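Residue numbering for the sequence shown follows the working numbering, beginning at 197 and increasing consecutively.
Quick reminder that beta carbons are idealized off the backbone N, C-alpha and C, glycines included.
Just so it is clear, the structure is predicted and the values come from calculations on it, not from any experiment.
Shown next, in structure tokens, is the structure this report addresses.
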Amino acid sequence: MNVAIKSSQVNNQDILNFDVLIVGAGISGINAAYHLQNFCKEKSFALLENQESFGGTWHTHKYPGIRSDSDLYTFGYNWKPWSGTPIATAGEILSYLDEGMEQNDIRKHIRFSHDVKRATWSTTDKCWTLQVSVNGSDDFQIYTCNFLWMCQGYYRHGSGYTPEFKGAENFNGPIVHPQTWPEDLDYKGKKVVVIGSGATAATLVPAMAEDCAHITMLQRSPTYFAAAPNRNDLVETLRKLDIPDEWIHEIARRQVLADQQKTTRRSFEEPEALKEELIGIAKKILGNEFDVDKHFTPKYRPWRQRLAFLPDGDLFKAIKSGEASVVTDQIDSFTETGIKLKSGETLEADIIITATGFNMSVLGDVKFNIDGTDLDFSDCWAHRGILFSGIPNMAWVFGYLRTSWTMRSDLISDFVCRLLNHMDEKDVAMVTPRLRDEDQSMPELPFVDPENFNAGYLTRDMHKMPKQGDRQPWIFSQDYYSEKEEIPAADLEDGTLIYE
Ligand SMILES: Cc1cc2nc3c(=O)[nH]c(=O)nc-3n(C[C@H](O)[C@H](O)[C@H](O)COP(=O)(O)OP(=O)(O)OC[C@H]3O[C@@H](n4cnc5c(N)ncnc54)[C@H](O)[C@@H]3O)c2cc1C
């Protein structure tokens with residue numbers, strides 16, 4: 197075992213052993229726990245979570261207006277009906293998760309403030325050994341398990357991504373990243389510039405507009421927004437008919453998925469028509485005098501990035517009211533009093549908010565070692581984007597980027613439970629994905645196809661991610677509609693899973 201810390205630092209009194217350890221207690225970790233509890237009833241497990249509370253993304257982000265941009269029928273679990281509006285605030289999502297944990301007695305399995313630093317696999321012992329910092333201590337606790345289920349998300353929670361802006365040090369006011377929002381930030385009556393054009397900027401601007409002297413969304417290039425009422429008419433009708441919540445949830449799920457499939461298909465088959473439709477809504481709310489061509493007409497194909505949803509068209513309405521505005525330009529530099537733009541114009545600001553995205557975190561920044569060799573994750577091939585070649589007994593929940601994340605977390609949770617039960621039936625304690633002879637010459641393709649989805653955080657760090665191939669089970673299509681058939685039917689004896 198290649199242990200990096202000094203033995204004197206390890207508190208052997210605290211060694212704890214489980215069948216399965218789940219890293220992370222966000223939406224995916226709680227879903228994994230629910231599945232283990234129900235479909236692998238004999239397995240002991242715990243969730244190790246480095247924050248002091250559950251919810252992951254919905255605990256980390258505390259900026260004004262923070263909300264989902266997916267509907268909660270698909271972003272919620274298939275085992276717990278959603279009864280609020282389709283788009284939900286972080287607070288509502290946390291209450292939903294809390295209630296789901298309460299109803300299923302999951303909370304007792306979570307160890308909060310447990311930061312997993314290192315994971316070491318031993319084939320001799322068929323066991324993972326985890327070095328875990330508890331409450332920030334360097335005196336690591338040692339946890340062991342047979343199977344490691346990584347539910348740590350995809351980005352670094354501690355800090356967001358801020359590009360280097362020339363002259364940033366000269367700016368007199370606060371520069372804030374939404375991921376680390378200061379609780380005491382006072383923006384009442386202030387001039388605020390939000391840099392960015394994604395879902396976060398689109399949430400912040402209408403949420404803050406009323407209180408600010410003025411708020412400006414400064415974007416390099418436009419994004420597609422889907423503006424619609426935060427209401428599902430079918431759900432309203434079913435509720436009036438006194439249909440049980442479970443049924444409504446499942447019907448709404450299917451309806452949303454069918455609608456999204458249609459939109460995705462149209463984005464490939466008739467992108468111009470779809471583009472016109474989306475832009476038409478912006479034009480209708482913003483009026484003829486507003487320059488929609490300049491500010492809300494993107495150059496890329498609709499759906500190549502997650503389509504940001506505007507509940508009740510709130511961003512457009514804030515701009516229409518005059519409380520907010522949008523500027524499409526490039527930043528030259530920050531000045532003492534604002535931002536100088538490449539066009540020569542300047543934007544005055546008391547506060548600058550950089551809604552500029554995330555930093556990818558590869559496997560939760562945990563250092564992996566397999567039988568004495570440090571793991572370079574980019575050497576691995578993704579096995580259906582769930583398991584990874586050469587890494588025994590480890591699964592990672594990387595959800596959908598276009599469809600709700602949770603739809604893939606559900607499929608993976610079922611798959612992992614099926615795999616664990618299959619291993620028990622075979623009476624083996626180890627499974628490792630390996631390329632077959634016929635897979636050896638596969639082309640090395642990026643983990644997520646940039647033609648299909650090109651978000652900045654992915655593009656910046658794709659080289660650190662595993663690769664995919666050109667045939668199953670080495671394909672990670674990011675397509676719910678094919679995976680919903682393929683993953684449940686996946687052959688666990690296809691020669692790519694080696695059991696020992
Ligand atoms: C503002 C925002 C809005 C979003 N809205 C949507 C949406 O509407 N729809 C959608 O589908 N997706 C959305 N996403 C993507 C979102 O991250 C996922 O959908 C989902 O919440 C991820 O859940 P998760 O449990 O997999 O990971 P996370 O929510 O990232 O939770 C992972 C947890 O693991 C912990 N962790 C990480 N590393 C370690 C470690 N080494 N040791 C211990 N614990 C660790 C983290 O602190 C965190 O608490 C959004 C993302 C953001 C940032």
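- The beta carbons of I262 and A286 sit about 4 Å from each other, so the pair counts as a contact at 8 Å.
- Beta-bridge partners assigned by DSSP to Y383: none are found.
- Taken through DSSP and simplified to helix, strand or coil, P642 comes out as strand.
- At the C-beta level, S355 and N555 come within 8 Å of one another.
- DSSP places A423 in the uninterrupted beta strand (DSSP E) bounded by F421 to A424.
- In the assembly as shown, L693 is a buried residue. Its beta-carbon has 16 or more other beta-carbons within 10 Å.
- Residue environment: A469 is assigned as exposed (fewer than 16 neighbouring CB atoms within 10 Å of its CB, all protein chains considered).
- Shortest gap from the CB of N246 to any heavy atom of ligand 1: under 7 Å.
- D455 has its Cβ no nearer than 7 Å to any heavy atom of ligand 1.
- Between ligand 1 and the CB of G332, the shortest heavy atom gap is not smaller than 7 Å.
- In the displayed model, D334 falls within coil according to three-state DSSP, outside both helix and strand.
- At a Cβ-Cβ threshold of 8 Å, S264 and I223 do not count as neighbours.
- With contacts defined as CB atoms closer than 8 Å, K471 and R314 fail to qualify as a contacting pair.
- In chain order, L470 place their CB closer than 6 Å to the CB of R462, counting only its own chain and leaving out the 5 sequence neighbours on each side.
- Per DSSP, F241 lies in no alpha helix (DSSP H) segment; the continuous beta strand (DSSP E) that holds it begins and ends at F241 to L244.
- For C323 and G568, the gap between their C-alpha atoms comes out near 13 Å.
- As DSSP reads the structure, D311 sits in a beta bridge with S329.
- Leaving aside the five residues that flank A514 on each side, the residues in its chain whose CB is nearer than 7 Å to its CB run, in chain order, V401, P402, A405 and A520.
- Contact holds between the stretch 680-696 and the stretch 631-651, because three or more Cβ pairs, one in each stretch, are under 8 Å apart.
- Residue burial is scored here from C-beta neighbours: L437 has fewer than 16 other C-beta atoms within 10 angstroms and is therefore classed as exposed.
- Boundaries for V627: no alpha helix (DSSP H) harbours it, while the beta strand (DSSP E) harbouring it runs V627 to P629, taken from the DSSP string.
- Boundaries around H255 are those of the alpha helix (DSSP H), T253 to T256, since no beta strand (DSSP E) includes it.
- Secondary structure note for T542: its beta strand (DSSP E) is the uninterrupted segment T542 to E544.
- A buried status is given to H579, since no fewer than 16 other beta-carbon atoms sit within 10 Å of its beta-carbon.
- Looking at I527, T281 and D294, the one whose alpha-carbon comes closest to that of V390 is I527.
- Following the DSSP letters along the chain, one finds S521 inside the beta strand (DSSP E) bounded by residues A520 to T524.
- For F271, the uninterrupted alpha helix (DSSP H) run begins and ends at L268 to F271, by DSSP.
- Residues G356, T358 and T550 of the same chain have their beta carbon placed closer than 6 Å to that of H373, with the five preceding and five following residues left out of the count.
- Taking 4 residues as the shortest admissible run, the stretch 383-451 contains the following complete alpha helix (DSSP H) segments, listed from N- to C-terminal end: 395-405 and 429-436.
- Under the three-pair Cβ rule at 8 Å, the stretch 503-513 counts as touching the stretch 409-426.
- Q327 has its alpha-carbon roughly 52 Å from the corresponding atom of E473.
- Looking at P277, D311, W670 and A651, the one whose alpha-carbon comes closest to that of L641 is W670.
- Distance check between H231 and each of Y292, M297 and R427 places M297 closest, using alpha-carbon atoms only.
- When only Cα atoms are considered, D382 and V388 end up about 11 Å apart.
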